[in-house]
Amino acid sequence: MATPRHAFLMWIAQNDRMPTRVRLTSWGLGLSPNCCLCDSAPETRDHLLLRCEVSEQVWVLVLRRLGYTHSGFITWTSFIEWLSIKDSTAPLILKRLVSHATIYSIWVERNKRLHDGISTSPPTIYRLIDRHIRDTILGKHNSKKSFKNLMLSWLRND
Numbered sequence: 001m002a003t004p005r006h007a008f009l010m011w012i013a014q015n016d017r018m019p020t021r022v023r024l025t026s027w028g029l030g031l032s033p034n035c036c037l038c039d040s041a042p043e044t045r046d047h048l049l050l051r052c053e054v055s056e057q058v059w060v061l062v063l064r065r066l067g068y069t070h071s072g073f074i075t076w077t078s079f080i081e082w083l084s085i086k087d088s089t090a091p092l093i094l095k096r097l098v099s100h101a102t103i104y105s106i107w108v109e110r111n112k113r114l115h116d117g118i119s120t121s122p123p124t125i126y127r128l129i130d131r132h133i134r135d136t137i138l139g140k141h142n143s144k145k146s147f148k149n150l151m152l153s154w155l156r157n158d
């Protein structure tokens, strides 16, 4: 179901093994530990993927699209708990697919800013996530019954 590179990055994040700037600094690399997206706090997994102002803006758009009213997550634990709860707002498989794509997209944005000096706005990052979700659902539509209504669920709050 998941895109392999998204699932792999999610696994790395879940185990808190992402090479964030705080980790790279602890290895003796002469980098600033501040976040590549906002430059206002140390770049830890939780900050970069959940609490950074850029990440928060992306999550607000993604969560609104899924039909949720809360604006984000304070801790990785709260994010994982939300990700595992079945509710009537969005199918669990869609929550996971969207969360993986969001984590991956934020990481890609971080790397573009760090290595290429290119920055993308949160609404543009959201549009890339939206396109990926649509493509994934359309690509799996005929192969699995669970994907039959996912597009309707994804587009419901458009």
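The numbering of the sequence shown is the UniProt record's numbering, which starts it at 1 and goes up by one.
Note that beta-carbon positions come from the ideal geometry of N, C-alpha and C, so glycine has one too.
{"query": "N34 (DSSP reduced to helix, strand or coil)", "result": "strand"}
{"query": "Neighbourhood of S71 by C-beta distance below 6 Å, restricted to the same chain and skipping five residues each side", "result": "V60"}
{"query": "Helix, strand or coil at P42 [DSSP, three-state]", "result": "strand"}
{"query": "Span separating the alpha-carbon of V22 from that of A41", "result": "10 Å"}
{"query": "Contact set for T102: own chain, Cβ-Cβ below 8 Å, skip 5 residues either direction", "result": "V58, W59, V62 and I129"}
{"query": "Straight-line gap, G135 to W154 (C-alpha atoms, nearest Å)", "result": "According to the sequence provided, residue 135 is Asp. The question's Gly does not apply to it. Those two C-alpha atoms are separated by around 12 Å."}
{"query": "Spatial distance of I133 from L97 (CA atoms)", "result": "7 Å"}
{"query": "Euclidean distance between Cα positions of P122 and C36", "result": "14 Å"}
{"query": "At least 3 beta-carbon pairs within less than 8 Å: the stretch 71-90 vs the stretch 45-56", "result": "yes"}
{"query": "Collapsed DSSP secondary structure at N111 in the structure displayed", "result": "helix"}
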